[in-house]
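Q: Before we start, here is the structure in question, set down as structure tokens.
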Amino acid sequence: MRSFDLSPLYRATVGFDRVADLMDRVLTNEVTQPTYPPYNIEKTSDNSYRITVAVAGFAGDELSVDVKENALIVAARKASEQEERTYLHRGIATRAFERRFHLADHVKVSGASHADGMLHIDLVREVPEALKPRKIEISRADQIEATSIEA
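Count along the sequence shown starting at 1, add 77, and that's the number in the working numbering.
In structure tokens form, the structure reads like this:
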């Protein structure tokens with residue numbers, strides 16, 4: 078395993094402590110990540126994203142989408158089949174799964190839809206006004222002195 082020194086990052090930035098946590102999480106994850114179910118992540122505009130998960134064989138009521146502590150959790154549990162079936166070949170995987178996605182700050186789930194065996198989850202980044210960039214006016218020293226003398 079590799080070890081990275083993040084001290085240059087701390088000298089040049091303020092408030093990026095979570096970047097180190099994210100790097101640690103990524104580097105300590107196991108090399109073999111689960112590949113079921115397959116999914117896409119697409120950026121649909123500057124502040125919106127869409128996650129599409131292939132959920133063939135699952136009905137809408139067998140799927141769940143939850144958000145807990147900046148984590149999006151997509152899970153599916155197949156309802157027990159009433160009748161026993163004999164398969165000659167079973168290629169459609171309908172096994173239960175749970176897939177987690179870590180959400181960045183201010184990213185909210187705006188909706189989810191299930192159609193044609195695909196689960197679409199729409200996300201939007203809503204940055205509060207207090208965190209948006211703003212211009213700071215710089216006053217001249219003679220203006221400050223004149224204001225304080227008048228007061």
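Where is the CB? At the ideal position from N, CA and C, for every residue including glycine.
For N117, collect the residues of the same chain with a Cβ closer than 6 Å to its Cβ; drop the 5 residues on either side in sequence, then sort them by chain order.
A: Taken in chain order, the residues that qualify are T129.
Q: Helix or strand or just coil, what does DSSP make of D199?
A: Three-state DSSP puts D199 in a strand.
Q: Report buried or exposed for Y113, applying the criterion of at least 16 other Cβ atoms within 10 angstroms of its Cβ.
A: Under this definition Y113 is an exposed residue.
Q: By Cβ distance below 7 Å, which residues in the same chain neighbour P115 in space, the five residues on each side in sequence not counted?
A: Only A131 meet the Cβ criterion.
Q: Quick check on this structure: which residue in H197, E175, A148 has the alpha carbon closest to the alpha carbon of E119?
A: The residue with the shortest Cα to Cα distance from E119 is H197.
Q: Let me know the secondary structure DSSP gives A156 once reduced to three states.
A: Looking at A156 - three-state DSSP - the assignment turns out to be coil, as it is neither helix nor strand.
Q: Looking at the secondary structure, which residues open and close the beta strand (DSSP E) in which L140 lies?
A: First-last of the beta strand (DSSP E) with L140: 140-145.
Q: Specify whether the segment 138-145 and the segment 174-191 touch according to this definition: at least 3 beta carbon pairs, one from each stretch, less than 8 Å apart.
A: At 8 Å Cβ cutoff, the stretches touch.
Q: Kindly indicate which residue of H179, Y164, E214, S157 has the alpha-carbon position closest to the one of L149.
A: Among H179, Y164, E214, S157, the Cα nearest to that of L149 is on H179.
Q: So, is L208 buried or exposed, given that buried needs 16 or more other C-beta atoms within 10 angstroms?
A: L208 comes out exposed.
Q: Would you say I169 and A133 are within 8 Å of each other, going by their C-beta atoms?
A: Taking 8 Å as the Cβ cut-off, I169 and A133 qualify as a contacting pair.
Q: Using the Cα positions of R154 and R177, report the straight-line distance between them to the nearest angstrom.
A: The alpha-carbon atoms of R154 and R177 are separated by roughly 15 Å.
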